[in-house]
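Q: Handing you a structure now.
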Amino acid sequence: MEASKRVIVSRAALVHNFALCRRQANGAGIIALVKADAYGHGMLECARLFANLGAAGLAVADAVEGVALREAGLAVPIYVLAGLAPQTVPGIVAHNLTPLVSDGAMLERLAHEAQRQKRVCTVHLKVDVGMGRQGALPEDFPELTRKALSLPAIQIGGMMAHLPKADDRNSDHSERARDAFARVSAVARALVPYPLFCHLASSGALFYVADSRFDQVRPGIALYGCYPGGAAGKKSAGAPDLRPAMSWTADILLVRQVPAGHSIGYDCTWITKRPTKMAVLPLGYADGYLRRLSNRGQVLIAGRRAPVLGRVSMNLTVVDVTDIPGVDAGDEAVLLGRQGADEITADELAGWMETINYEALCLIGRLNRRVYQD
Numbered sequence: 332m333e334a335s336k337r338v339i340v341s342r343a344a345l346v347h348n349f350a351l352c353r354r355q356a357n358g359a360g361i362i363a364l365v366k367a368d369a370y371g372h373g374m375l376e377c378a379r380l381f382a383n384l385g386a387a388g389l390a391v392a393d394a395v396e397g398v399a400l401r402e403a404g405l406a407v408p409i410y411v412l413a414g415l416a417p418q419t420v421p422g423i424v425a426h427n428l429t430p431l432v433s434d435g436a437m438l439e440r441l442a443h444e445a446q447r448q449k450r451v452c453t454v455h456l457k458v459d460v461g462m463g464r465q466g467a468l469p470e471d472f473p474e475l476t477r478k479a480l481s482l483p484a485i486q487i488g489g490m491m492a493h494l495p496k497a498d499d500r501n502s503d504h505s506e507r508a509r510d511a512f513a514r515v516s517a518v519a520r521a522l523v524p525y526p527l528f529c530h531l532a533s534s535g536a537l538f539y540v541a542d543s544r545f546d547q548v549r550p551g552i553a554l555y556g557c558y559p560g561g562a563a564g565k566k567s568a569g570a571p572d573l574r575p576a577m578s579w580t581a582d583i584l585l586v587r588q589v590p591a592g593h594s595i596g597y598d599c600t601w602i603t604k605r606p607t608k609m610a611v612l613p614l615g616y617a618d619g620y621l622r623r624l625s626n627r628g629q630v631l632i633a634g635r636r637a638p639v640l641g642r643v644s645m646n647l648t649v650v651d652v653t654d655i656p657g658v659d660a661g662d663e664a665v666l667l668g669r670q671g672a673d674e675i676t677a678d679e680l681a682g683w684m685e686t687i688n689y690e691a692l693c694l695i696g697r698l699n700r701r702v703y704q705d
């Protein structure tokens, strides 16, 4: 049975965005972020596509995601970004995942498990240049590197850091953090007697922070067609022409007329000011169309904007189509994406939701049936 609501993911947009990121990387390898179910776009589908396009690696949040990719047949390097709990160490080693490691104790656990399995565990060491969540401090990084070199069954594949303000073009924090990373990476290369892959740039740094590419880059939100920093990032000089990969549509359930002075939705937060033709949509906050969009959000119907009336319910949302002629049950409403000459972007939708494009995409993609189009 065909669903009455759907998230549509454009493979063509993903291919286009990957090519733009590769061009922007200027020879650096692409580690494609597919964590959080590929920002709501579907981890397995996107991972296969990016691997086929030549990604140097894939990045996930945790070991569970990494193991799922291995079990699906992905053979490229898989980086586990968010650290690892002790109980995940056997799976990390067994499935040849590459964890990011910040401390000696975890290195010892990995080395012990790798010896037990008669394997070698490749790690990337993480340095903290200002994010503050994980990573060895720059002054402690040489000691962490020596520790890794001393352990049997541990191979240092590279080192990395993450910039906390890469999206902010008005701050010099990223340049100072980049320079700190460059100094630490030079020390690491001097200590390690074999080549290392050093990587710093996420989408924001890839577009906005000069000389941040090093050996590899880690684009995430840009692969899915959104700009780091939202609409402000899109307006930045030199921003590439990304294409949104996700759209979200629903088929109208019902169109009905109500008189002026009629209440709509829970708590009667909207009272019609005129005779109103309204359309009922088959989705609500259970599908990721947040209650915060009540009396605030808009959808596209017949290429025109229809405002949300009243509270968004768990499974239903009402919009005003009084000024849109010819609307009937079964017509398409676009909650995210383009219809006709107008478009509701992830940034606009996220603004109504009082959040960022990252969160909006993750939420919507995970809570709705996905359809892929070429």
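Numbering (the working numbering), first residue to last: 332 to 705. Beta carbons: idealized from backbone N, C-alpha and C, even for Gly.
1) Spell out a yes or no on whether the region 593 to 606 and the region 670 to 688 are touching, meaning 3 or more CB-CB pairs, one atom from each, closer than 8 Å.
2) Classify Y620 as buried or exposed, calling it buried when 16 or more other Cβ atoms lie within 10 Å of its own Cβ.
3) Runs of 3 residues minimum, wholly inside the region 601 to 679: which ones carry the beta strand (DSSP E) assignment?
4) Put I361 into one of helix, strand or coil per three-state DSSP.
5) May I ask which residues mark the beginning and end of the beta strand (DSSP E) holding H455?
6) Ordered along the chain, which non-local residues of its own chain (more than five positions away) have a Cβ less than 6 Å from that of D434?
7) Measuring alpha carbon to alpha carbon, tell me which residue in C693, T603, M577 is nearest L666.
8) So what does G489 bridge to, in DSSP terms?
9) Mind checking who H467 pairs with in its DSSP beta bridge?
10) Taking 7 Å as the limit between beta carbons, can you name the residues of its chain near Y689, skipping five residues before and five after?
11) Quick one: does H443 have its CB under 8 Å from some CB of chain C?
12) Closest to G488 by CA distance: which of T476, A497, A672 is it?
13) Quick check on A672: buried or exposed, where buried means 16 or more other Cβ atoms within 10 Å of its Cβ?
14) Who does V589 pair with in a DSSP beta bridge?
15) On a Cα-Cα basis, can you pick out the residue from V460, V540, E474 that is closest to N501?
16) Could you round the C-beta distance between D572 and A343 to whole angstroms and report it? I think they count as a contact, below 8 Å.
17) Taking the beta strand (DSSP E) that G279 falls in, what are its first and last residues?
18) Report all residues from its chain with a CB closer than 8 Å to the CB of L527; omit the five preceding and five following residues, and keep chain order.
19) For Y555, count the other beta carbons within 10 Å of its own beta carbon; 16 or more makes it buried, fewer makes it exposed. Which is it?
20) Can you find the residues in the same chain that come closer than 7 Å, C-beta to C-beta, to A394, ignoring five residues on each side of it along the sequence?
21) Which term fits E439, buried or exposed, when burial requires 16 or more other beta carbons within 10 angstroms of its beta carbon?
22) Just checking, does the region 343 to 353 make contact with the region 622 to 637 on the three C-beta pairs under 8 Å criterion?
23) To the nearest whole angstrom, what separates the beta carbons of A633 and I655, a pair I think is in contact under 8 Å?
24) Answer yes or no: do R337 and N646 have a C-beta to C-beta separation smaller than 8 Å?
25) Could you give the DSSP three-state label for I583: helix, strand or coil?
26) Based on the DSSP secondary-structure assignment, which residues constitute the bridge partners of R337?
27) Measure the C-alpha to C-alpha separation of G461 and E470 and round it to an integer number of angstroms.
28) Just mark Y525 as buried or exposed, buried being the case when its beta carbon has 16 or more other beta carbons within 10 Å.
29) Closer than 6 Å by C-beta to W579: which residues in its own chain qualify, once you throw out the five before and the five after it? Chain order, please.
30) Apart from the five residues on each side of it in sequence, which residues of its chain come closer than 8 Å, Cβ to Cβ, to V658?
31) Along the chain, where does the alpha helix (DSSP H) containing T429 start, and where does it finish?
32) Does the distance from the C-beta atom of L441 to that of V454 stay below 8 Å?
33) Go ahead and label D459 buried or exposed: buried means 16 or more other beta carbons lie within 10 angstroms of its beta carbon, across all protein chains shown.
34) Quick check: what's the CA-CA separation for A581 versus S534?
A: Inspection of the coordinates gives the following:
1) No, because fewer than three Cβ pairs between the region 593 to 606 and the region 670 to 688 fall closer than 8 Å, the two stretches do not touch.
2) Counting from 1 along the sequence shown, the entry for residue 620 is found at position 289. Buried is the call here.
3) 607 to 612, 629 to 632, 635 to 640, 648 to 651, 663 to 670, 673 to 675, all fully within the region 601 to 679.
4) Sequence index remark: in the sequence shown, residue 361 carries index 30 (1-based). DSSP, reduced to helix, strand and coil, places I361 within a strand of the structure shown.
5) Stepping through the sequence shown from its first residue, residue 455 is reached at position 124. In this chain, the beta strand (DSSP E) harbouring H455 covers 452 to 457.
6) As a first step, residue 434 must be located in the sequence shown, where it is residue number 103. Cβ within range, chain order: n/a, list empty.
7) In the sequence shown, the residue the question calls residue 666 occupies position 335. Residue M577 is the option with its Cα nearest to L666.
8) Counted from its first residue, the sequence shown places residue 489 at position 158. BP columns for G489 point to H455, F528.
9) As a working note, residue 467 is residue 136 in the sequence shown. According to the sequence shown, residue 467 is Ala rather than His. DSSP lists V458 as partners of A467.
10) Taking the sequence shown and counting its residues from 1, one reaches residue 689 at position 358. So the list reads Y370, I552, once near-sequence residues are dropped.
11) Note that chain C does not occur in the displayed structure, where there is just one protein chain.
12) By 1-based counting over the sequence shown, the position of residue 488 is 157. Looking at the Cα atoms, T476 is the closest of the given residues.
13) The count along the sequence shown starts at 1 and reaches residue 672 at position 341. The residue is exposed, with fewer than 16 neighbouring Cβ atoms inside 10 Å.
14) Numbered from its first residue, the sequence shown carries residue 589 at position 258. For V589, which the question treats as bridged, DSSP gives the partners T607.
15) For this step, residue 501 is matched to residue 170 along the sequence shown. N501 has its Cα closest to that of V540, out of V460, V540, E474.
16) Locating residue 572 in the sequence shown gives position 241, where the first residue counts as 1. Locating residue 343 in the sequence shown gives position 12, where the first residue counts as 1. With 8 Å as the limit, D572 and A343 do not qualify as a contact, their Cβ atoms being about 14 Å apart.
17) Beyond the ends of the chain as shown, which are 332 and 705, falls residue 279; an answer cannot be given.
18) The count along the sequence shown starts at 1 and reaches residue 527 at position 196. So the qualifying residues of the chain are I487, G488, G489, M490, S516, A519, R520, D546.
19) Taking the first residue of the sequence shown as position 1, residue 555 is located at position 224. By the neighbour-count criterion, in which a residue is buried when 16 or more other Cβ atoms sit within 10 angstroms of its Cβ, Y555 is buried.
20) As a first step, residue 394 is located in the sequence shown; it is residue number 63 there, counting from the start. Its chain contains V411, L415, T419, G422, I423, L428 as the residues whose beta carbon lies nearer than 7 Å to that of A394, once the 5 sequence neighbours on both sides are disregarded; these appear in chain order.
21) As a working mapping, residue 439 is identified with position 108 in the sequence shown. Here E439 is exposed. Its C-beta has fewer than 16 other C-beta atoms within 10 Å.
22) Cβ pair count under 8 Å is below three, so no.
23) Residue 633 sits at position 302 when you count from the first residue of the sequence shown. Residue 655 sits at position 324 when you count from the first residue of the sequence shown. That pair is a contact at about 5 Å.
24) Sequence index remark: in the sequence shown, residue 337 carries index 6 (1-based). Sequence index remark: in the sequence shown, residue 646 carries index 315 (1-based). Not in contact: R337 and N646 (Cβ atoms no closer than 8 Å).
25) Start at 1 with the first residue of the sequence shown, and residue 583 comes out as number 252. Coil, per DSSP.
26) Walking along the sequence shown from the start, residue 337 turns up at place 6. Answer is T580, bridged to R337.
27) Your numbering for residue 461 matches position 130 in the sequence shown. Your numbering for residue 470 matches position 139 in the sequence shown. If you take the alpha carbons of G461 and E470, they lie about 13 Å apart.
28) Numbered from its first residue, the sequence shown carries residue 525 at position 194. By the Cβ neighbour-count rule, Y525 is exposed, with fewer than 16 other Cβ atoms within 10 Å of its own.
29) Taking the sequence shown and counting its residues from 1, the one referred to as residue 579 is at position 248. V338, L666, L667, I695.
30) Within the sequence shown, residue 658 is the residue found at index 327, counting from 1. Non-local C-beta neighbours of V658 in its own chain, meaning closer than 8 Å and more than five positions away in sequence, comprise I583, V586, K608, A610, I632, A633, V652, ordered along the chain.
31) Mapped onto the sequence shown, residue 429 falls at position 98. Note, T429: premise wrong, no alpha helix (DSSP H); beta strand (DSSP E) at 429 to 432.
32) Indexing the sequence shown from 1 puts residue 441 at position 110. Indexing the sequence shown from 1 puts residue 454 at position 123. Yes.
33) Reading the sequence shown from its first residue, position 128 is the one you call residue 459. Buried, because 16 or more other Cβ atoms sit within 10 Å of the Cβ of D459.
34) Locating residue 581 in the sequence shown gives position 250, where the first residue counts as 1. Locating residue 534 in the sequence shown gives position 203, where the first residue counts as 1. In this model, A581 and S534 are separated by some 31 Å (Cα to Cα).
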